[in-house]
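Have a look at the structure below before the remarks.
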Amino acid sequence: MKPKSPIAQQSTFSTYKNRNTIKLLVGATPGGLVNYVSPAYGGSTSDRQICERSNLSSICDKGDSIMADKGFNVQDLFAPYDISINIPTFFRKKNRMTGTTVLKDRAISSKRVHIERIIGLAKTYKILKAPLNITETKLASEITFVCFMLCNFKTCIIPETA
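Read the sequence shown against numbering that gives the first Met the number 0 and you will find it ends at 161, with the numbers running on by one and no gaps.
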């Protein structure tokens, strides 16, 4: 639902989706359990801003590795804590990727799809299927947190061979 306030409309409008949205950061273990859900932010909030505000670096341990999507440039936020960010290599026509790079990118992508599956699973809850009303939007952080944590009690969506 489109907020009435022009300021709220501006902060929740996503140019990528061309509508009013909320955004959040979701983390999962390699086994597919949701272990982190950030507060909800307006759709105009950048991925970097969400990452900075989430204080994720304080939750991770030294030497941890985080998989992220292309364009998620936050390596500088985590480097001081010895936390690595694994992002698939950007393909440019001029530069050929080595076989090692292709295999590494394929491994990252195959694991990253698990988060996409978890997000899809959370969206199966009725409250997240339709646009949130004004009251629900005010509770978006709590609603999304509960829906994602409930995913941990559903049948695992990650194959045992993954």
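Where a beta carbon is used, it is the ideal one built from N, C-alpha and C, also for glycine. Please read all numbers here as calculations on a predicted model, not as lab measurements.
Check                                                                                                                                                                : Outcome
Apart from the five residues on each side of it in sequence, which residues of its chain come closer than 7 angstroms, Cβ to Cβ, to ARG111?                          : MET66, ASP68
Quick check on this structure: which residue in SER56, LEU102, ILE21, GLU115 has the alpha carbon closest to the alpha carbon of THR44?                              : ILE21
Would you identify the three-state DSSP class for ALA121, choosing helix, strand or coil?                                                                            : helix
Name the residue from MET148, GLY62, ASN54 whose alpha carbon lies nearest to the alpha carbon of LEU76.                                                             : ASN54
Apart from the five residues on each side of it in sequence, which residues of its chain come closer than 8 angstroms, Cβ to Cβ, to LEU32?                           : ASN151
Using a Cβ-Cβ cut-off of 6 angstroms (strictly less than) and excluding sequence neighbours within five positions of LEU24, which residues of its own chain qualify? : SER37, ILE49, SER53
Go through its chain and collect everything with a Cβ distance to ASP170's Cβ below 8 angstroms, but skip five positions before and after it.                        : Only positions 0 to 161 of the chain appear in this structure, which leaves residue 170 out of reach.
Relative to the C-alpha of LYS61, which residue among ASP46, TYR80, VAL145, ALA129 is closest?                                                                       : TYR80
According to DSSP, is ILE133 helix, strand or coil?                                                                                                                  : helix
Does ILE193 come out as helix, strand or coil in the three-state DSSP assignment?                                                                                    : Outside the shown range of the chain (0 to 161) lies residue 193, about which nothing can therefore be said.
Taking 6 angstroms as the cut-off, does the CB of THR99 come closer than this to any heavy atom belonging to the ligand FAD?                                         : Annotation note on the ligand FAD: not contained in the displayed structure, which lists no ligands.
Taking the C-alpha atoms as reference points, what is the distance between HIS113 and THR123?                                                                        : 16 angstroms
List the DSSP bridge partners of ASN85.                                                                                                                              : MET66
So if DSSP puts ALA27 in a beta bridge, which residue, or which two residues, is it bridged to?                                                                      : VAL33
Around the C-beta of ILE126, are 16 or more other C-beta atoms found within 10 angstroms, so that it is buried, or is it exposed?                                    : exposed
THR136 to SER57, Cα distance in whole Å?                                                                                                                             : 28 angstroms
With DSSP as the reference, identify every bridge partner of TYR40, one or two as the case may be.                                                                   : LYS22
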